[in-house]
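Number of protein chains: 2
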Amino acid sequence: MNKNNTTTDKHRSSAAITLDNVAKIAGVSAITVSRAINTPDKVAPETLKKVREAIDKTGYVPNLLAGGLASRSSKLIAAIVPSIANLVYSSTIRLFSKSLSKAGYQVILGDSGYPEVLEEELVRTILSRRPDGIFLTGVDHSPSCRNLLLAANIPIVETWDLTPSPLDIVVGFNHMDVGHAVAKFILSKKYNKVGFVTANDARALLRQRSTLEILSQSGVSDIYATTVPAPTSLEYGRIGAKQIIEEGFDSGVIFCTSDTLAQGVLAEIQSRNISIPDTIAVIGFGDQVFAAHTYPALTTVRIDRERIGQEAADALLARIQKRPVKNKIIDIGFSIIEREST
Amino acid sequence: MNKNNTTTDKHRSSAAITLDNVAKIAGVSAITVSRAINTPDKVAPETLKKVREAIDKTGYVPNLLAGGLASRSSKLIAAIVPSIANLVYSSTIRLFSKSLSKAGYQVILGDSGYPEVLEEELVRTILSRRPDGIFLTGVDHSPSCRNLLLAANIPIVETWDLTPSPLDIVVGFNHMDVGHAVAKFILSKKYNKVGFVTANDARALLRQRSTLEILSQSGVSDIYATTVPAPTSLEYGRIGAKQIIEEGFDSGVIFCTSDTLAQGVLAEIQSRNISIPDTIAVIGFGDQVFAAHTYPALTTVRIDRERIGQEAADALLARIQKRPVKNKIIDIGFSIIEREST
DNA sequence: CACAGAAATGACAGCGCTGTCACAGCACCA
DNA sequence: TGGTGCTGTGACAGCGCTGTCATTTCTGTG
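Residue numbers (my numbering), protein chains in the order written: chain R, 80 to 421; chain A, 80 to 421.
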């Protein structure tokens, strides 16, 4: 309330504490305070002590807007995800943030899940903060976005998918391979009919299509499929299951493109008093934390979401610190986890 | 690749496009470009057109670090939440971000859910970005945090709880009232035994305690309670239910401090082939999107999480724009939604 | 037709920090 | 004893933008 304004000089009001104030109090120059904060090993121990005391006394909080402008490094990493309210992405982002914060970077999130906001607009907004790197979900971007992104001249990591020609680095897995693997799993179990509850999302649809591909090659033709809106929810899982059951699906296996959908499918089946997995089996996707604990426990495709975040952070840091990046294409793979629902 | 660097003047490399570049191309001064971007109605239509063309041609993206430094307004709002991977908070944050982005503000998230990171440290980091306002979850902050926050001299909104003495503004509901209301609901249903699966979190514990208070006043003494770690998960719901059932709880109602826990409780009960709600009834908390669609549909306490985000954004904007704030304490209330699980 | 007042534009300084270069002081070795 | 190289510190300019005030041009009115 009162210990501000050492110099009531200017017409601008309520002077916040600046580097200069701290420097004056510590009896050193501003640049020394800067070094004491950012590269303390380049400052003599006694000087450091004086500076630290001055900082404590004043309650100085550095201004990273100014720092970023001067150093041309904002210490900000942008991440664009389809929805922060989707657990699928949040566990990845959580590890991503955590790894980066250890290195002194902060993550700023952009939510691309609002159809009314153009992706390009979002990217512009984000880039105006001058992030030192950017995390993207997916590998499909509009040409204008690609241009913006490339012009920004910062490290980029695309995630959740794979492409032979990433903008910079890509960390993900092959959705077609997932589809094929699930198809083989289904075939090995000799289910007579196969149902699909698929979210209306490019990657989910690809997984479904590639499952179907192998299935029809192998002569499995009793297929019941429905597409539900993205993002997935338990409700849409129930609706999807209801649909295919009413179309005549009465036994076999249902492959859902997310564990959340699968959870809804389980509920719908149970509400009809149909036994799982004896009459209808269910396969999810993602291996969310809850998948192992539903009743019955869910057979699903495990994706190491945390690892995506970790690898993305590592790759970005390597690029930023101009260390060599071993691999521009990082495939984290997947595995089928068999539990009680099949 | 080539249309950069109009002036290869300095030793600094790879010149990005700046306001000055755009101004030169448009044949106006830098400040006019600034106005064309920020206050277009103060610029003549023809000038605006010229400037817009120059911006399009160059692909100029404003630098908000510089802008924020000069204008002393970062257009950034900080939000501190226990975990971005928790849907309870993410739906609030989503609406909060959305409302603010319409007004030209961006939200930067801080995750306070890592016990190894001190809250004070988090707040410092966030404040170093010079946000124009801050969103806090909960009303309990360490004294050092309060000081930091107050010294920042920016609008603050605390959420998810109520207090007679907010730092600035508070948007939430009364957890004790929730407990009382649930107790009355339980009494009205005449359950003989009451179980609690409670997350180890201050607000959840308060809800449980206040439920218990009314219950014991009314002579209900057959109580089975267990506390599970926060954040809540389906798994802990199952574990909690298992515990109280093994302690002898065989009929009545279980009140869970989150819908996620309740979902786990449902699963555990079903896995034991106990009928819901005839033998054991279940009450959740939060009314998450899935609550209406579980099997059986979950009776729960509805909290309008989106409204918390909306009101918080509105209040913050009012403060920032120096409009009067009608109410510093905003109680959004709650309601009990009765479904099939009771 | 002169002049007040609004509308449109520009010049300039400075927001708070850091990169760069310069320099003082000191230990060490031939 | 002089030079070499290191450590610690400071002066200075400038990052890219906007607040402020000054200036010019364009209305409309009596």
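Heads up, the beta-carbon is just placed ideally off N, CA and C, and yes, glycines get one too.
Selection A:V368, A:L148, A:V107 and A:K321 evaluated against G274 (chain A) yields A:K321 as nearest (Cα-Cα).
Of the candidates R:D256, R:R203, R:T238 and R:V249, R:R203 places its Cα closest to the Cα of A230 (chain R). Taking C-beta separations shorter than 8 Å and ignoring five residues to either side along the sequence, the partners of I233 (chain A) in its chain run P210, D211, G212 and I213, following chain order. Taken atom to atom, the span from the alpha-carbon of I411 (chain A) to that of I104 (chain A) is near 53 Å.
Annotation for I411 (chain R): no alpha helix (DSSP H) segment contains it, and DSSP assigns it neither H nor E.
The alpha carbon of G365 (chain R) has as its nearest neighbour, out of R:S420, R:F252 and R:R381, the alpha carbon of R:R381. The C-beta separation of D301 (chain R) from K272 (chain R) comes to about 4 Å, placing the pair in contact by the 8 Å criterion.
Remark: C-beta atoms of I248 (chain R) and V257 (chain R) do not approach each other more closely than 8 Å. For the region 124-145 of chain R, residues whose beta-carbon sits nearer than 8 Å to a beta-carbon of chain A comprise G138, V140, P141, N142, L143, L144 and A145. For the C-beta of V250 (chain A), not a single chain R residue is nearer than 8 Å; the gap to the nearest is close to 19 Å. In the three-state reduction of the DSSP assignment, T242 (chain R) falls in the coil class. For I248 (chain R), the enclosing beta strand (DSSP E) starts and ends at I248 to G251. Listed along the chain, the chain R residues whose CB falls inside 7 Å of the CB of F214 (chain A) amount to none; the nearest CB is some 14 Å away. DSSP places G189 (chain A) in no alpha helix (DSSP H) but in the uninterrupted beta strand (DSSP E) bounded by Q185 to D190. I110 (chain R) is classed as exposed because its beta carbon has fewer than 16 other beta carbons within 10 Å across all chains shown.
Contacts with chain R at 8 Å (Cβ-Cβ) do not include S420 (chain A). Segment contact: the region 368-387 of chain R against the region 338-346 of chain A, three or more CB-CB distances shorter than 8 Å; contact assigned. If you look at R398 (chain R), you'll find it in the alpha helix (DSSP H) that goes R384 to I399.
In the three-state scheme derived from DSSP, where H, G and I count as helix and E and B as strand, Y315 (chain R) is classed as helix.
Among the residues of the region 363-376 of chain R, those with a Cβ less than 7 Å away from any Cβ of chain A are V368, F369, H372, T373 and Y374, in the order of the chain. In summary, the residues of the region 157-181 of chain R whose CB is separated from some CB of chain A by less than 9 Å are S162, I163, A164, N165, L166, S169, S170, I172, R173, S176, K177 and S180, in the order they occur in the chain. Taking a contact as a CB-CB distance under 8 Å, the pair L143 (chain R) and A145 (chain A) does not count as one, their CB atoms being some 13 Å apart. With respect to chain R, the C-beta atom of A346 (chain A) has a partner C-beta closer than 8 Å. Listed along chain A, the residues sitting closer than 7 Å to T204 (chain R) by beta-carbon distance are Q185. In the DSSP secondary-structure assignment, L215 (chain R) is bridged to R:I159 and R:E237.
Exposed is the label assigned to K401 (chain R), since fewer than 16 other Cβ atoms lie within 10 Å of its Cβ. Our two residues, I96 (chain R) and L396 (chain A), have alpha carbons roughly 25 Å apart in a direct line. Annotation: Y374 (chain A) is outside any beta strand (DSSP E) and is labelled neither H nor E by DSSP.
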